[in-house]
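Take a look at the structure set out below.
In mature numbering (1 follows the signal peptide of the UniProt record, and there is no 0), the protein residues as written are -40 to -1, 1 to 433.
Printed below as a string of structure tokens:
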């Protein structure tokens, strides 16, 4: 039964024979048991419960669900530390019912003013028709946390759901999940969405799901998720960002990768973030595992990658090509094999049943694997470990990045004070590939790393993380 979109009563057979009294008793019992009133509680209980964030993960939690009528919008919650099995002392709020189709309503609510780093118990419904108790946890202001990345689902929802539940049981430290688009194969098919959401809600009623749009996602996608509306005007929830711990996440709709408004928003959003780690999530890969004959990769490289690189994004999560892949660090189209240089690492995932075999082995690919997979990301301060696993839990690889935010030599050759003659200075970006230069100024005017011919006296000032340097010429 694909719950949430259609409900049906299975065929029932009665064995004939016996007295009329017994037959009447059976008939009356049957009518009582299967009358609409008797079925009401089971049918009406909220389902397809999905957590997300629309405001600060430290102090809020957004919850969406589906119900069979317009009276199932009540939410009761309280801190787990004070929960004794009864909701008598719980706080209660009510969500507005939004008609979804001729049979169902969708609800969403954002609970605010929660306590950071706190476990909560909650339930949904109405008096006499409550769900079982569920739980969620608010974020804490930490630099140690773990999250999950999964690529395309698209098909095989039952198998995906089993994998999701198993991996969460094995990794209860996970605080939330990113999902890389193509959640279903046919965005307009309500039954597919029912299968996806039924499979998802076992875990994502407990930890938030933050997805992006794929090329198979469209209008229906927007009916099921409530996401931050801090994106560019008119493109809210297609483009959005959020912080968790010491990391900043930007989520982009790669179906719309040429939009100038979105590009400006992306640059401003990343520029304003001072978090230690920066991540991007979008569906189509900038660096594909197999040739992209539609040219979307080149469009992303032209429109988004320079902004990501300029703002020192560390890792980009993508999907679309139904395999696992991790690239070497890449900067300005070049592999950064020297660990002393900055580069973005691109990670491709595939969570569903549809799989492709690895492609042509492009030189920028560090590791690839076929089949369904998922990625666990563990952050502890300035260290990140990516663990890629197959659906059965088998290890594909484990990869670690270490950021060392410490002073590093900034090479500004001393050309002396030769007034009236051109002087060439080489500004080397950063000796440590994770130590970003924030600003270079020539007499107060911002410059970018590179080569400049200077023929007037002045002063070079270089500012970076935990260091500054100045030289007159």
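Every residue, glycine too, gets a C-beta built ideally from N, C-alpha and C.
Quick check on this structure: which residue in 245, 257, 266 and 262 has the alpha carbon closest to the alpha carbon of residue 230? It is 266 whose Cα lies nearest to the Cα of residue 230.
Rounded C-beta distance between residue 191 and residue 197? I'm assuming under 8 angstroms. That pair is a contact at about 7 angstroms.
Taking the CB atoms as reference points, tell me whether residue 199 and residue 222 lie closer together than 8 angstroms. In terms of Cβ geometry, residue 199 and residue 222 form a close pair [threshold 8 angstroms].
For the 8 angstroms Cβ check, are there 3 or more pairs between the segment 142 to 154 and the segment 114 to 130? Touching, per the Cβ criterion.
Should residue 349 be labelled buried (16 or more other beta-carbon atoms within 10 Å of its own) or exposed? With 16 or more other Cβ atoms inside 10 Å of its own Cβ, residue 349 counts as buried.
Output needed for residue 297: all residues of its chain with C-beta closer than 6 angstroms, excluding positions within five of it in sequence on either side, in chain order. Answer for residue 297: no residue qualifies.
Expected contact under 8 angstroms - CB spacing of residue 55 and residue 35 to nearest Å: Correct: roughly 7 angstroms between the Cβ atoms.
Please classify residue 124: does DSSP put it in a helix, a strand, or coil? Residue 124: helix per DSSP, three-state reduction.
Out of 327, 269, 293 and 218, point me to the one whose CA is closest to residue 437's CA. The question about residue 437 has no answer here: the residues shown for the chain are numbered -40 through 433.
Measure from the alpha carbon of residue 128 to the alpha carbon of each residue in 147, 145 and 166, then state which is nearest. It is 166.
Mind reading off the beta-carbon distance from residue 185 to residue 12? Whole number of angstroms is fine, and I expect it under 8 angstroms. Confirmed, Cβ separation roughly 6 angstroms.
At what residue ranges does the segment 289 to 315 contain a whole run of the beta strand (DSSP E), taking only runs of 3 or more? If we require 3 residues or more, the beta strand (DSSP E) runs fully inside the segment 289 to 315 come out as 305 to 308.
Would you mind working out which of 210, 178, 306 and 70 sits nearest residue 287, comparing C-alpha positions? For residue 287, the closest C-alpha among the options 210, 178, 306 and 70 is that of 306.
Nearest CA to the CA of residue 354: which residue from 335, 42 and 364? The shortest Cα separation from residue 354 among 335, 42 and 364 belongs to 335.
Are there 16 or more other CB atoms within 10 angstroms of the CB of residue 309, so buried, or fewer, so exposed? Residue 309 comes out buried.
Could you please give me the residues that DSSP links to residue 217 through a beta bridge? Per DSSP, none; premise fails for residue 217.
Within this structure, are the beta carbons of residue 124 and residue 159 separated by less than 8 angstroms? Their beta carbons are under 8 angstroms apart, which means residue 124 touches residue 159 by this criterion.
So who's on the other strand from residue 210, going by DSSP bridges? Answer by DSSP bridge pairing, in chain order: 201 and 240.
Secondary structure of residue 65, DSSP reduced to three states: When DSSP states are grouped into helix, strand and coil, residue 65 belongs to the strand group.
What span of residues does the beta strand (DSSP E) with residue 335 cover, start to end? Residues 333 to 340.
Just to confirm before moving on: does the CB-CB distance between residue 93 and residue 18 stay below 8 angstroms? Contact: no.
Enumerate, from N- to C-terminal direction, the unbroken beta strand (DSSP E) stretches of 3 or more residues contained entirely within the segment 79 to 106. Taken in chain order, the whole beta strand (DSSP E) runs of length 3 or more contained in the segment 79 to 106 are 79 to 86 and 94 to 97.
If you measure between the beta carbons of residue 312 and residue 330, is that distance less than 8 angstroms? Contact: no.
Beta-carbon proximity of residue 135 to residue 193, cut-off 8 angstroms: The Cβ atoms of residue 135 and residue 193 do not sit closer than 8 angstroms to each other.
Suppose contacts are defined by Cβ-Cβ distances below 8 angstroms. Is residue 341 in contact with residue 59 by that definition? It is not a contact, given that the beta carbons lie outside the stated cut-off.
From the DSSP output, in three-state form, read off residue 232 for me. Here residue 232 sits in helix by DSSP.
Would you report the Cα separation of residue 170 and residue 87, rounded to the nearest angstrom? Residue 170 and residue 87: Cα-Cα distance of roughly 31 angstroms.
Which whole-angstrom value describes the C-beta separation of residue 121 and residue 174, a residue pair presumed to lie in contact below a C-beta threshold of 8 angstroms? Contact flag wrong, Cβ pair sits at about 19 angstroms.
Cβ of residue 211 within 8 angstroms of Cβ of residue 172? In terms of Cβ geometry, residue 211 and residue 172 form a close pair [threshold 8 angstroms].
Short of 6 angstroms in beta carbon distance, which residues of its chain neighbour residue 323, apart from the five on each side in sequence? Order them along the chain. Counting only Cβ-Cβ distances below 6 angstroms, and skipping sequence neighbours, we find nothing.
Contact check, residue 95 vs residue 81, beta carbons under 8 angstroms: For residue 95 and residue 81, yes; Cβs fall inside 8 angstroms.
Which of the three DSSP states, helix, strand or coil, is assigned to residue 266? Helix, per DSSP.
Do residue 337 and residue 49 have their beta-carbon atoms positioned less than 8 angstroms apart in this structure? Using a Cβ distance threshold of 8 angstroms, residue 49 and residue 337 do not count as a contacting pair.
Nearest CA to the CA of residue 315: which residue from 249, 339 and 10? With distances taken between Cα atoms, residue 315 lies closest to 249.
Quick one: grab the DSSP three-state call for residue 164. In the structure shown, residue 164 adopts helical secondary structure according to DSSP, grouped into three states.
Flag this pair as yes or no: are the beta carbons of residue 157 and residue 8 separated by less than 8 angstroms? The answer is yes: Cβ separation under 8 angstroms.
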